[in-house]
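Q: With our numbering applied, the sequence shown covers 139 to 534.
Glycine residues also receive a C-beta, built at the ideal position from the N, C-alpha and C atoms.
Quantities reported herein were computed from a predicted structural model and do not represent experimental measurements.
After the structure tokens below, expect a handful of questions from me.
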Amino acid sequence: MTESCDVAIIGAGLVGASLALALAPARLRVALVEPRAPAAAATGDAWDSRIYAISPGSAAFLASIGAWQTAPTADGARIARVETMRIFGDAPASQFEFSAYEAGLSELAFIAESGRLQIALWEQLQQLADAEHVTRYCPAVCEHMTQHPDATEIRLDDGTTLRAKLVVGADGAHSWVRTAAGIKVHTQAYAQHGVVANFSCALPHRDTAFQWFRDDGVLALLPLPGNRVSMVWSTDDAHARELVALDPETLARQVGEAAQNALGALDVITPAAAFPLNLQRVTAFVQPRLALVGDAAHNVHPLAGQGVNLGFRDARELAAVLSDRGAQTDCGDYALLRCYERARKEDVLTLQLATDGLQKLFASKAVWLSRARNLGVDLLGRQPLLRNLLVKHAIA
139 MTESCDVAII
149 GAGLVGASLA
159 LALAPARLRV
169 ALVEPRAPAA
179 AATGDAWDSR
189 IYAISPGSAA
199 FLASIGAWQT
209 APTADGARIA
219 RVETMRIFGD
229 APASQFEFSA
239 YEAGLSELAF
249 IAESGRLQIA
259 LWEQLQQLAD
269 AEHVTRYCPA
279 VCEHMTQHPD
289 ATEIRLDDGT
299 TLRAKLVVGA
309 DGAHSWVRTA
319 AGIKVHTQAY
329 AQHGVVANFS
339 CALPHRDTAF
349 QWFRDDGVLA
359 LLPLPGNRVS
369 MVWSTDDAHA
379 RELVALDPET
389 LARQVGEAAQ
399 NALGALDVIT
409 PAAAFPLNLQ
419 RVTAFVQPRL
429 ALVGDAAHNV
439 HPLAGQGVNL
449 GFRDARELAA
459 VLSDRGAQTD
469 CGDYALLRCY
479 ERARKEDVLT
489 LQLATDGLQK
499 LFASKAVWLS
509 RARNLGVDLL
519 GRQPLLRNLL
529 VKHAIA
């Protein structure tokens, strides 16, 4: 059976689902393919160990597609605001602070659970499915892709063939779409894992995010509602394995000590988990009748907390290009897709260079580099204009 559509989005995670919603005003027929639906457990009382720092710009984008309003619980108690960020080097006096107030902002970011954002997006998608704007194929797995001059065909494991004017790969860092299209990717493994866990804390965080650049990696504690924080510790593979293997009491004690007891005693509320950290650069964001978004198009170190925001900016820009295509009726036209690629490349490259440079700077054991990075932290702390410039880039 062959089904025709304008846009086939492969991958209905946060970025793919948001793109499908953002395309609704463009009156395009959208097919959304995903191997598995969001876990129902995401709506329970337990806290999700995968937490994202959502920029104000991304929150506004999610609100424009109806997903941000339903992301928290009824009393808003599942999303925290970040009003201040405190950064510490690996020297005792090396530190500085970002303030939303100083930058003329209401907040620097929102901290939200991945699973709840996914559920909110899928609830909005159901409304589009009911209105027949989006057809979901879930569970479904892509098996073969054939590219023709006027369309691209995707064969699914249930025998369905989708014939689309445009295929969008939103299927993550190991993108099937990217591989099937022959787009090359350059992967640089950092020999690090990001270890995540959530804790309750004895002292209030006061809507502050903390980050320590240590000789054993970058430790971040992000505020959750109430006296709770979410940890992301980017550290070498061996240390990551040690952290994941610790019993809850020992893990809480070690994290508390690494965080200079800034939040008092900690107690584990979700167990530690780890995921590998890589830098990925693709040779092209687009081909005729094909575009990549999110982790399929780029992967960055999490020390800036901007990975998912890059993906949301991809979705926002691609939706804008397709919606504002004017007299162009072919949404898979290469010249049209190149507009999207040109609009996104600078933002992505800037963040890749910045995060990669910071990772190398703070991962080095060289004494002279240690002095240089702490001097850099000190100088940044004394330059409010530069701090505010960095903040305004991060909130987009």
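Kindly examine the ligand COA and report whether one of its heavy atoms sits closer than 7 Å to the Cβ of I147.
A: Of the ligands one can find in the structure shown there are none, so the ligand COA has no counterpart to examine.
Q: Helix, strand or coil for D494? Go by DSSP, reduced to three states.
A: For the purposes of this step, residue 494 is taken as residue 356 along the sequence shown, with counting starting at 1. Three-state DSSP puts D494 in a helix.
Q: Exposed or buried, what is G394 when buried is set at 16 or more other beta-carbons lying within 10 Å of its beta-carbon?
A: Position 256 of the sequence shown, counted from the start, is the residue given in the question as residue 394. Buried, since its Cβ has 16 or more Cβ neighbours within 10 Å.
Q: Tell me which same chain residues have a C-beta within less than 6 Å of the C-beta of V334, skipping the five on either side of it?
A: Against the sequence shown, residue 334 aligns to sequence position 196. S187, V370, A411.
Q: Just to confirm my understanding: we take L263, look at its own chain, exclude 5 residues before and 5 after, and list those with CB closer than 8 Å. What are they?
A: Residue 263 sits at position 125 when you count from the first residue of the sequence shown. Closer than 8 Å at the Cβ level, and outside the excluded window around L263, lie A150, A155, A158, L159, L170, V272, R274.
Q: Who does V406 pair with in a DSSP beta bridge?
A: If you number the sequence shown from 1, residue 406 lands on position 268. In DSSP, V406 forms a bridge with F337.
Q: In three-state terms, what does DSSP make of D213?
A: Working through the sequence shown from its first residue, we reach residue 213 at position 75. Residue placement at D213 is poorly supported in this model, since its pLDDT is 48, which falls under 50; the coordinates are not used for a value here.
Q: Would you report the Cα separation of G432 and D345, rounded to the nearest angstrom?
A: Within the sequence shown, numbered from 1, the residue matching residue 432 stands at position 294. Within the sequence shown, numbered from 1, the residue matching residue 345 stands at position 207. Each residue's Cα considered, the two are about 28 Å apart.
Q: Over what stretch of residues does the beta strand (DSSP E) that includes I192 continue unbroken?
A: By 1-based counting over the sequence shown, the position of residue 192 is 54. Where I192 is concerned, the enclosing beta strand (DSSP E) stretches over 189–192.
Q: Can you tell me the Cβ-Cβ gap for T325 and E261, rounded? I've got them flagged as a contact below 8 Å.
A: Walking along the sequence shown from the start, residue 325 turns up at place 187. Walking along the sequence shown from the start, residue 261 turns up at place 123. Actually they do not touch by this definition, with Cβ atoms about 35 Å apart.
Q: In chain order, what residues of the same chain lie with their CB nearer than 8 Å to the CB of A457, ignoring the 5 residues before and after it?
A: Walking along the sequence shown from the start, residue 457 turns up at place 319. Correct list, in chain order: L157, A160, L161, A164.
Q: Assign P361 to one of two classes, buried (16 or more other C-beta atoms within 10 Å of its C-beta) or exposed (fewer than that).
A: Working through the sequence shown from its first residue, we reach residue 361 at position 223. So P361 counts as buried.
Q: Excluding sequence positions up to five away, which residues of its chain have a Cβ less than 8 Å from the Cβ of V220?
A: Taking the sequence shown and counting its residues from 1, one reaches residue 220 at position 82. Excluding residues within five positions, the ones whose Cβ falls inside 8 Å are A191, A238, E245, L246, A247, F248, I249, D345, T346, A347, L360, P361.
Q: Residues in the same chain with beta-carbon distance under 7 Å from A212, minus the five sequence neighbours each way, listed in chain order, please.
A: As a first step, residue 212 is located in the sequence shown; it is residue number 74 there, counting from the start. Bear in mind that a pLDDT of 40 at A212, under 50, signals an unreliable position, so the number given afterwards is only what the model happens to contain. None.
Q: Near L474, which residues of its chain fall below 8 Å by C-beta distance, leaving aside the five closest residues on each side in sequence?
A: Taking the sequence shown and counting its residues from 1, the one referred to as residue 474 is at position 336. Excluding residues within five positions, the ones whose Cβ falls inside 8 Å are V459, L460, R463, Q466, D468.
Q: Taking the C-alpha atoms as reference points, what is the distance between V305 and A429?
A: Counting from 1 along the sequence shown, the entry for residue 305 is found at position 167. Counting from 1 along the sequence shown, the entry for residue 429 is found at position 291. Roughly 7 Å between the two C-alpha positions.
Q: Can you grab the Cα-Cα spacing for the pair F351 / V382, in whole Å?
A: Here residue 351 corresponds to residue number 213 of the sequence shown, with the count starting at 1. Here residue 382 corresponds to residue number 244 of the sequence shown, with the count starting at 1. Computed Cα separation, rounded: 20 Å.
Q: Could you tell me how far apart the beta carbons of A122 and D354 are, in whole angstroms, since I believe they sit closer than 8 Å?
A: Only positions 139 to 534 of the chain appear in the structure, and residue 122 is not among them; the question remains open.
Q: Cα separation between V420 and V323?
A: Looking up residue 420 in the sequence shown gives position 282. Looking up residue 323 in the sequence shown gives position 185. Taking the straight line joining both Cα atoms gives about 4 Å.
Q: Would you kindly check if the distance between the Cβ of E141 and the Cβ of C276 is under 8 Å?
A: Here the question's residue 276 lines up with position 138 in the sequence shown. Here the question's residue 141 lines up with position 3 in the sequence shown. Against a cut-off of 8 Å, the Cβ pair of E141 and C276 comes out as no contact.
Q: Spatial neighbours of A397 within its chain, please: CB distance less than 7 Å, with the 5 preceding and 5 following residues excluded, ordered by chain position.
A: Residue numbering aside, residue 397 sits at position 259 when the sequence shown is read from its first letter. Cβ within range, chain order: F348, W350, L357, L359.
Q: Identify which residue in W185, V153, A453, D452 has its Cα closest to the Cα of S368.
A: In the sequence shown, residue 368 corresponds to position 230, counting from 1. Nearest of W185, V153, A453, D452 to S368, Cα basis: W185.
Q: Tell me whether the beta-carbon of F450 lies closer than 8 Å to the beta-carbon of S196.
A: Within the sequence shown, residue 450 is the residue found at index 312, counting from 1. Within the sequence shown, residue 196 is the residue found at index 58, counting from 1. Yes, Cβ-Cβ distance for F450 and S196 is below 8 Å.
Q: Compare the C-alpha of P409 against each of Q285, G445, T299, S338 and name the closest.
A: Walking along the sequence shown from the start, residue 409 turns up at place 271. Of the listed residues, the one whose Cα sits closest to P409 is S338.
Q: Less than 8 Å separating the beta-carbons of H331 and A378?
A: Position 193 of the sequence shown, counted from the first residue, corresponds to residue 331. Position 240 of the sequence shown, counted from the first residue, corresponds to residue 378. The answer is yes: Cβ separation under 8 Å.
Q: For E251, report the span of its beta strand (DSSP E) as first-last.
A: Residue numbering aside, residue 251 sits at position 113 when the sequence shown is read from its first letter. Per DSSP, E251 belongs to the beta strand (DSSP E) from 247–251.
Q: Which of the three DSSP states, helix, strand or coil, is assigned to H377?
A: Counting from one through the sequence shown, the residue named residue 377 turns up at place 239. Looking at H377 - three-state DSSP - the assignment turns out to be helix.
Q: If I measure Cβ to Cβ from A311 and keep anything under 8 Å in the same chain, skipping five residues before and after, which residues do I get?
A: For the purposes of this step, residue 311 is taken as residue 173 along the sequence shown, with counting starting at 1. Here the set comprises N416, Q418, D433, A434, N437.
Q: Starting from Q285, trace the beta strand (DSSP E) both ways and give me its first and last residue.
A: Here residue 285 refers to the residue found at position 147 of the sequence shown. Here the beta strand (DSSP E) through Q285 covers 280–285.
Q: Less than 8 Å separating the beta-carbons of N336 and R366?
A: On the sequence shown, position 198 is the one that residue 336 refers to. On the sequence shown, position 228 is the one that residue 366 refers to. Against a cut-off of 8 Å, the Cβ pair of R366 and N336 comes out as a contact.
Q: Starting from V272 and walking both ways along the beta strand (DSSP E), at which residues does that stretch end?
A: In the sequence shown, the residue the question calls residue 272 occupies position 134. 272–275 is the extent of the beta strand (DSSP E) around V272.
Q: Could you spell out where the beta strand (DSSP E) holding G307 opens and where it closes?
A: As a working mapping, residue 307 is identified with position 169 in the sequence shown. 299–307 is the extent of the beta strand (DSSP E) around G307.
Q: Below 6 Å CB to CB, which residues in the same chain sit around T284 once its five sequence neighbours on both sides are set aside?
A: Along the sequence shown, read from residue 1 onward, the residue named residue 284 stands at position 146. Cβ neighbours of T284 beyond the five flanking positions: E291.
Q: Check each candidate in L389, A376, Q425, A340 and name the one with the smallest Cα separation from A403.
A: Within the sequence shown, numbered from 1, the residue matching residue 403 stands at position 265. Per the Cα distances, A340.
Q: Ends of the beta strand (DSSP E) at P363?
A: Mapped onto the sequence shown, residue 363 falls at position 225. Neither: P363 is in no beta strand (DSSP E) and is coded neither H nor E.
Q: Straight-line CA distance for M139 to R216?
A: For the purposes of this step, residue 139 is identified with residue 1 of the sequence shown, where counting begins at 1. For the purposes of this step, residue 216 is identified with residue 78 of the sequence shown, where counting begins at 1. If I take the Cα positions, the gap works out to 43 Å.
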